[in-house]
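Everything in the sequence shown is counted per full-length UniProt numbering, starting at 4 for the first residue and increasing by one. Heads up, the beta-carbon is just placed ideally off N, CA and C, and yes, glycines get one too.
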Amino acid sequence: ISAPTQFPPGFLWGGATAANQVEGGYDQGGKGLSIQDVMPQGIVGPRTDGPTPENLKLTGIDFYHRYAEDIALFAEMGFSVYRFSIAWSRIFPGGDDAEPNEEGLAFYDRVLDELERHGIEPLITLSHYETPLAIAEKYDGWVSRDVIALFERYVRVVFARYGHRVKYWLTFNEINSVIHAPFMSGGINTPKDELTPTDLYQAIHHELVASALATKIAHETDPQIKVGCMVLGMPIYPLSPDPNDLLASMTADHANLMFSDVHTRGEYPGYALRYFRENGIELQITEQDRELLAAHTVDFVSFSYYMSICETGDPARRLAGAGNIMGGVPNPHLPASEWGWQIDPVGLRVILNQFWDRWGKPLFIVENGLGARDELVESADAVDGFTVLDDYRIDYLRAHLQQVGEAIADGVQVLGYTSWGPIDLVSASTAQMSKRYGFIYVDRNDDGTGTLARYRKKSFHWYAQVIATNGATL
Ligand code: BG6
4 ISAPTQFPPG
14 FLWGGATAAN
24 QVEGGYDQGG
34 KGLSIQDVMP
44 QGIVGPRTDG
54 PTPENLKLTG
64 IDFYHRYAED
74 IALFAEMGFS
84 VYRFSIAWSR
94 IFPGGDDAEP
104 NEEGLAFYDR
114 VLDELERHGI
124 EPLITLSHYE
134 TPLAIAEKYD
144 GWVSRDVIAL
154 FERYVRVVFA
164 RYGHRVKYWL
174 TFNEINSVIH
184 APFMSGGINT
194 PKDELTPTDL
204 YQAIHHELVA
214 SALATKIAHE
224 TDPQIKVGCM
234 VLGMPIYPLS
244 PDPNDLLASM
254 TADHANLMFS
264 DVHTRGEYPG
274 YALRYFRENG
284 IELQITEQDR
294 ELLAAHTVDF
304 VSFSYYMSIC
314 ETGDPARRLA
324 GAGNIMGGVP
334 NPHLPASEWG
344 WQIDPVGLRV
354 ILNQFWDRWG
364 KPLFIVENGL
374 GARDELVESA
384 DAVDGFTVLD
394 DYRIDYLRAH
404 LQQVGEAIAD
414 GVQVLGYTSW
424 GPIDLVSAST
434 AQMSKRYGFI
444 YVDRNDDGTG
454 TLARYRKKSF
464 HWYAQVIATN
474 GATL
């Protein structure tokens, strides 16, 4: 008989968003363009030369103007934490400007004021798929070592301004996704099929060094600050018990684990060095880089979790599945979302245990959720007159949170859980509005029409209850 799920006292409950998916105001308050402003179809379509009207991210869900209303709704659900990102291009519009943009800084002061008023702890991502476009175009993004200094300039400004009031920080969102989405994740302008493995891994190295540097600056600003790395978490199962399938899954897993191995252990693991050697990847790694990586490891590891995949050593069975930036071989045992992402609550317990056993650092689940089409229906009982009966979302989240409880019972230290997109937002991979994750429905459609009005879904009340009971009423 399993005991009721026990979440520790002080467990942080909330939701997560990214600036480029909610804010809008892409040209307001002195903001410069970010790479997202030229990605009207997310990663599934081509980029454009400049902003185009069909790009939903330009206006997002207008969080730039409605943040107070939205944060009040988060507070109504009882959030103790809200994860959001700072748009780097609001602070340094041209990427390499000498001085920061005061209007951009003032916007995040106001957001933080609002959170403080409601007693919600901020959790800030420094870079969430929104590199200033100028950095992509002038420097080829993280391929250039110069970008470390530009990031340092940004980070110093941000910590000086907000470091005294924000305890939890993340450096790069899903840092491992750069292998699959170099433009969106690393601001790398060179088309993916022309990018050499050496340039790709040099870019990764620069990000890892920049992450260590940000951790150093954070701790110098205030030793109480906790900095986490952020990875796209996805268990990779062997497709069959064939040892070659297990080996293939282990190798695929290494490609992801390397990022947190460096972040937590301060050096490249042997399997990565072998991969570089055998693939002719020669990296420029300075003595100073090595010292930074070794001396400034992260305080915690955070990750997103949506799905698992399989891997096989047999090319004939290596079918490509859909999914969270990475794809992967589909698992015959699992159902999938409407977008083909395979649903695997147990995988969350698996990965929590794997990460805890491997690094022994506190873990933070900073994204998890179901992207689904919702129908807004009239309801006399609903406070807003309309609601969404999203039992499918409740079922998904409940099943995942139960597995978080199991992992906690296994002894894993989990700091908190922020569901992805507590309010509907523009999707990262497909730039759609119809792929909704929220507890709050936003009246906006894929063609850009809609009033932007907010409505509480059924899951809003369910999540409020989960938080109020610290997970006891899952
Ligand atoms: C993660 C990203 O990959 O997954 C988010 O960090 C993203 O930015 C989320 O929105 C869900 O993906 P999508 O493509 O459904 O928006």
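Nearest C-alpha to S307 among D52, L118, R120, T128: T128. In this structure the stretch 199-215 lies against the stretch 144-161, because at least three pairs of beta carbons, one per stretch, are closer than 8 Å. Around the Cβ of Q287, a 10 Å sphere holds fewer than 16 other Cβ atoms; the residue is exposed.
By the beta-carbon neighbour count (other beta carbons within 10 angstroms, threshold 16), R93 is buried. CA-CA distance, R321 to G107, rounds to 46 Å. Minimum Cα-Cα distance from Y440 among the listed residues T454, V407, R459, Y240 corresponds to R459.
Just measuring C-alpha positions, the residue of C313, I354, L351 sitting nearest H336 is C313. If you check the CB distance, T254 and W362 do not come in under 8 Å. Nearest in C-alpha terms to S83, of all of G231, A251, G283, R120, is R120. As for any beta strand (DSSP E) of minimum length 3 sitting wholly inside the stretch 153-235, the runs are 171-175, ordered along the chain. Relative to the Cα of A431, the nearest Cα in the group G48, F14, D256 belongs to G48. The beta carbons of A71 and E26 sit no closer together than 8 Å.
In this structure, the ligand BG6 has no non-hydrogen atom nearer than 7 Å to the beta-carbon of G97.
Relative to the ligand BG6, Y395 has its C-beta separated by 7 Å or more from all heavy atoms. C-alpha of P200 to C-alpha of Y132: approximately 21 Å in a straight line. S92 sits in a helix when the DSSP states are folded into three classes. Note: V380 is bridge-paired with T390 in the DSSP secondary-structure output. Here A217 is buried, its C-beta having at least 16 other C-beta atoms within 10 Å.
Look at N371: its beta carbon is at least 7 Å from all of the heavy atoms in the ligand BG6. According to the DSSP assignment, E370 belongs to the beta strand (DSSP E) that extends over 366-370. In the three-state DSSP reduction, V25 falls in the helix class (H, G or I).
Rounded to the nearest whole angstrom, the CA to CA distance from Q357 to V304 is 12 Å. Sixteen is the threshold: since fewer than 16 other Cβ atoms of the shown chains lie within 10 Å of the Cβ of Q291, the residue is exposed. Per DSSP, the beta-bridge partners of A339 are Q345. Per DSSP, the beta bridge partners of I443 are I426, R459.
Taking C-beta atoms under 8 Å as the contact rule, L366 and V417 qualify, at a distance of about 5 Å. The Cβ-Cβ distance between K141 and G98 falls below 8 Å.
Rounded to the nearest angstrom, the gap between the Cα atoms of P338 and E378 is 22 Å. As for any beta strand (DSSP E) of minimum length 3 sitting wholly inside the stretch 49-115, the runs are 84-88, ordered along the chain. With a threshold of 7 Å, the Cβ atom of Y420 does not count as near the ligand BG6, since no heavy atom of the ligand is closer than that. For A471, same chain residues with a beta-carbon under 8 Å away, outside a window of 5 residues either side, are G81 in chain order. Contact annotation, E294 with R352: C-beta distance approximately 37 Å; criterion of less than 8 Å not satisfied. Burial check for N247: the Cβ neighbour count within 10 Å stays below 16, so the residue is exposed.
Under the DSSP assignment, S307 falls in the beta strand (DSSP E) whose first and last residues are 303-308.
One thing to note: H299 has its Cβ within 8 Å of the Cβ of K219. Y132 carries a coil assignment under DSSP once its states are collapsed to helix, strand and coil.
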